[in-house]
Amino acid sequence: MTGKPVTLAVIIGAHGVTGEVRLKLFGEGAEALKSYKSFDAAGRVLTLKSVRPGPNGAVARFAEIGDRSAAEALRGTELTVPRSALPPLEEGEYYHADLIGLPCFSTEGEGLGNIVAVENFGAGDIIEVERPNGKRFMAPMHAVTIAGDRAVIEAAFAV
Numbered sequence: 048m049t050g051k052p053v054t055l056a057v058i059i060g061a062h063g064v065t066g067e068v069r070l071k072l073f074g075e076g077a078e079a080l081k082s083y084k085s086f087d088a089a090g091r092v093l094t095l096k097s098v099r100p101g102p103n104g105a106v107a108r109f110a111e112i113g114d115r116s117a118a119e120a121l122r123g124t125e126l127t128v129p130r131s132a133l134p135p136l137e138e139g140e141y142y143h144a145d146l147i148g149l150p151c152f153s154t155e156g157e158g159l160g161n162i163v164a165v166e167n168f169g170a171g172d173i174i175e176v177e178r179p180n181g182k183r184f185m186a187p188m189h190a191v192t193i194a195g196d197r198a199v200i201e202a203a204f205a206v
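In the numbering used here, the protein residues as written are 48 to 206.
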């Protein structure tokens, strides 16, 4: 698998005794995972056999996981795919992974730092920016314009 890795889910535990795992999802839901044949799991390839919605995410079966012990051993493992494997975006859409590292500027042109995280606490996406001095601030995504290879933050939010 080549390209910048993007985490789509993390294994949060075993489900049953036959090797199924419970997943915390970071994408569009269990159905979206079906479009990927395999995932990188900490340097190991896991081949998806089935996935369905489950409690707090999804339940999946991988060809390489045959029992509960093997499933439990993978607790906390991120399931990634290369960025190049993700579907193309519509105008105005973005993947969080594409925003990480973008330089940020105020609407007046002042350099503010780089995006280090994108969070969502329920009311919409929020970017976290780290200034050159190491201090961080957050700004709501509605106050940010992505312009090519940079982010422009409305001055009122660039604190």
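By construction, the Cβ of each residue, glycine as well, lies at the ideal position given by its N, Cα and C atoms.
* Endpoints, alpha helix (DSSP H) assigned at GLU78 -> Unbroken alpha helix (DSSP H) run through GLU78: 77-80.
* **Ranges of the beta strand (DSSP E) found wholly within the region 72-131, counting only runs of at least 3** => Fully enclosed beta strand (DSSP E) runs of 3 or longer: 85-88, 91-101, 104-109 and 125-129.
* Would a C-beta distance cut-off of 8 Å place ASN161 and GLY181 closer than the cut-off? -> Against a cut-off of 8 Å, the Cβ pair of GLY181 and ASN161 comes out as no contact.
* Figure out for me which residue from ARG130, ALA56, ARG115 and ASP196 has the closest Cα to the Cα of GLY66. => Nearest neighbour of GLY66 by Cα position, chosen from ARG130, ALA56, ARG115 and ASP196, turns out to be ARG115.
* Asked: Which first and last residues belong to the alpha helix (DSSP H) in which LEU55 is found?
  -> Here LEU55 belongs to no alpha helix (DSSP H); instead the beta strand (DSSP E) covers 52-62.
* Asked: How many Å lie between GLU119 and GLU138 at the Cα?
  -> Answer to the nearest angstrom: the Cα atoms are 41 Å apart.
* Is SER153 near ILE193, with beta carbons less than 8 Å apart? -> It is not a contact, given that the beta carbons lie outside the stated cut-off.
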